[in-house]
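Report on one structure; see the data block that follows.
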Amino acid sequence: YNVGDFASKAKARGHKGPVCNIDFGRVFGTNNAVFIMSNSDVGEVLFWDIETGEQQTPRNQRDTEWETQTCALAWPVKGAWGPYDDSCKVTTCCRSSSGELLATGDSFGRIKIYRYP
Numbered sequence: 003y004n005v006g007d008f009a010s011k012a013k014a015r016g017h018k019g020p021v022c023n024i025d026f027g028r029v030f031g032t033n034n035a036v037f038i039m040s041n042s043d044v045g046e047v048l049f050w051d052i053e054t055g056e057q058q059t060p061r062n063q064r065d066t067e068w069e070t071q072t073c074a075l076a077w078p079v080k081g082a083w084g085p086y087d088d089s090c091k092v093t094t095c096c097r098s099s100s101g102e103l104l105a106t107g108d109s110f111g112r113i114k115i116y117r118y119p
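In structure tokens, the structure reads:
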């Protein structure tokens with residue numbers, strides 16, 4: 003949104019299920035957010051250009067520095083899922099402001115703290 007008039011800048015469409023998490027990212031070494039990473043409740047991880055709303059390939063995100071980490075489906079969060087499929091699903095996560103810790107919540111009602119990344 004444009005803060006001055008709250009007009010939409012871009013619309014990103016492509017998820018097959020409801021979007022449940024969104025993170026902002028910027029190109030390493032810059033100050034402005036240029037990408038969004040989003041998760042849906044059907045297990046999708048998609049990337050978007052903020053200005054155009056166009057979907058980006060994961061390969062283009064290699065040098066992206068994520069300002070937030072709330073997407074539970076992302077490479078830095080992979081260790082929180084564990085090595086076995088015990089039907090537990092990481093449903094939420096949040097990186098600390100220091101960037102050193104990650105808190106997760108799962109479908110069994112547990113909250114866990116991990117070193118990040």
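Mapped onto this note's numbering, the consecutive letters of the sequence shown carry residue numbers 3 to 119.
Heads up, the beta-carbon is just placed ideally off N, CA and C, and yes, glycines get one too.
Everything numeric in this text was worked out from a predicted model, so none of it was measured.
- Classified as exposed, I115 has fewer than 16 neighbouring CB atoms from the shown chains inside 10 Å of its CB.
- The C-beta separation of V36 from D51 comes to about 7 Å, placing the pair in contact by the 8 Å criterion.
- With a minimum length of 3 residues, the unbroken runs of beta strand (DSSP E) contained wholly in the segment 16 to 65 fall at 21 to 29, 37 to 42, 47 to 51.
- DSSP places D88 in no beta strand (DSSP E); its state is neither H nor E.
- In chain order, A74, G107, D108, S109 place their CB closer than 7 Å to the CB of T93, counting only its own chain and leaving out the 5 sequence neighbours on each side.
- L104 is positioned such that its CB atom lies closer than 8 Å to that of V79.
- Counting along the chain, the unbroken beta strand (DSSP E) around G107 starts and ends at 103 to 108.
- From the listed residues P85, D88, R112, the smallest Cα separation to C95 is found for R112.
- Judged by DSSP secondary structure, K11 falls outside any beta strand (DSSP E); it is assigned neither H nor E.
- Bounds of the beta strand (DSSP E) holding Y116 are 113 to 117.
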